[in-house]
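Residue numbers (the working numbering): 5 to 253.
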């Protein structure tokens with residue numbers, strides 16, 4: 005297995021978005037109350053741009069990547085934030101293409117961005133904006149995309165995985181696991197309980213039960229799901245909340 009990505013960030017990796025071979029991370033620094041965004045090319049493993057803050061604000065969030073553009077929502081600074089505007093960013097150059105105040109994201113096909121507002125009768129009013137001068141053709145996802153399964157300890161599959169882990173590395177997995185088989189690899193994210201905390205580990209073996217990777221991910225008070233993913237043949241996971249790791253599988 006080849007380590008292709010190892011990048012640390014100055015805050016918690018809060019959210020991610022993917023399209024084709026591109027990935028964008030939403031990074032939140034809870035000390036400074038600032039949010040920034042970083043873009044990667046999964047095919048090369050290289051950073052496209054890092055720590056970009058289109059506005060000095062906590063109240064921004066990822067909507068997604070649509071074709072050649074990243075779309076963000078602006079939010080009100082209330083206890084129940086409401087969308088207040090949209091920012092459109094070129095995914096390759098990180099240049100801001102549009103800032104649209106007082107409109108809410110509805111949809112985007114990579115060419116046409118559709119926004120809406122609510123009128124006085126609380127009915128939606130729609131507005132379309134062309135964001136791509138050349139026709140953009142949608143990327144068609146691989147029909148064999150690898151979907152990670154989460155098996156809680158109540159699942160009929162959990163005892164089999166529990167025994168596999170116990171026999172291989174002598175641990176007793178707690179509460180649930182994330183599981184994926186890809187090519188000749190078995191990938192398992194599991195938890196053990198130590199010192200009043202859950203410790204999360206990622207294990208990769210081949211079908212001959214040779215350990216290819218065994219890495220500590222994080223420590224927490226509870227367990228999570230979606231602790232790793234497979235995108236563009238890259239195994240991705242977030243370590244200690246602020247570090248992105250990627251291995252070519």
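We put the beta carbon where it would ideally sit given N, CA and C, even for glycine.
Just tell me which of the options has its CA closest to the CA of residue i.
{"i": "residue 106", "options": "96, 169, 90", "result": "90"}
{"i": "residue 171", "options": "238, 111, 213, 244", "result": "213"}
{"i": "residue 131", "options": "30, 109, 113, 23", "result": "109"}
{"i": "residue 31", "options": "23, 22, 99, 43", "result": "43"}
{"i": "residue 204", "options": "102, 126, 245, 216", "result": "245"}
{"i": "residue 80", "options": "51, 222, 61", "result": "61"}
{"i": "residue 211", "options": "175, 129, 220, 191", "result": "191"}
{"i": "residue 166", "options": "83, 26, 176", "result": "176"}
{"i": "residue 201", "options": "181, 222, 173", "result": "222"}
{"i": "residue 37", "options": "58, 45, 15, 19", "result": "15"}
{"i": "residue 180", "options": "224, 154, 198", "result": "154"}
{"i": "residue 235", "options": "96, 70, 186, 94", "result": "186"}
{"i": "residue 173", "options": "217, 58, 52", "result": "217"}
{"i": "residue 118", "options": "220, 126, 125, 135", "result": "135"}
{"i": "residue 199", "options": "224, 220, 189, 209", "result": "224"}
{"i": "residue 8", "options": "209, 41, 45", "result": "45"}
{"i": "residue 219", "options": "58, 231, 40", "result": "231"}
{"i": "residue 115", "options": "23, 133, 33, 189", "result": "133"}
{"i": "residue 23", "options": "54, 11, 96, 120", "result": "96"}
{"i": "residue 111", "options": "100, 70, 122, 47", "result": "70"}
{"i": "residue 51", "options": "5, 41, 127, 158", "result": "41"}
Does DSSP classify residue i as helix, strand or coil?
{"i": "residue 155", "result": "strand"}
{"i": "residue 105", "result": "strand"}
{"i": "residue 224", "result": "strand"}
{"i": "residue 179", "result": "coil"}
{"i": "residue 209", "result": "strand"}
{"i": "residue 13", "result": "coil"}
{"i": "residue 34", "result": "coil"}
{"i": "residue 231", "result": "coil"}
{"i": "residue 199", "result": "coil"}
{"i": "residue 40", "result": "strand"}
{"i": "residue 218", "result": "strand"}
{"i": "residue 5", "result": "coil"}
{"i": "residue 19", "result": "strand"}
{"i": "residue 204", "result": "strand"}
{"i": "residue 190", "result": "strand"}
{"i": "residue 185", "result": "strand"}
Hey, could you find the ends of the alpha helix (DSSP H) residue i is sitting in?
{"i": "residue 168", "result": "162-173"}
If contacts are defined as beta-carbon pairs under 8 Å, then residue i and residue j qualify, I think. What distance do you get, rounded to the angstrom?
{"i": "residue 194", "j": "residue 207", "result": "7 Å"}
{"i": "residue 76", "j": "residue 64", "result": "5 Å"}
{"i": "residue 92", "j": "residue 66", "result": "Their Cβ separation, rounded to whole angstroms, is 13 Å, which puts residue 92 and residue 66 out of contact at 8 Å."}
{"i": "residue 237", "j": "residue 253", "result": "6 Å"}
First and last residue of the beta strand (DSSP E) that includes residue i?
{"i": "residue 77", "result": "73-79"}
{"i": "residue 247", "result": "247-252"}
{"i": "residue 238", "result": "238-243"}
**Asked** Where are the beta strand (DSSP E) runs, 3 residues long or more, that stay fully inside the segment 86-133, in chain order?
**Response** Segments of the beta strand (DSSP E) lying fully in the segment 86-133: 87-94, 100-105, 108-112, 116-122.
**Inside the segment 42-68 only - beta strand (DSSP E) runs reaching at least 3 residues** = Within the segment 42-68, complete beta strand (DSSP E) segments of at least 3 residues are found at 50-56, given in chain order.
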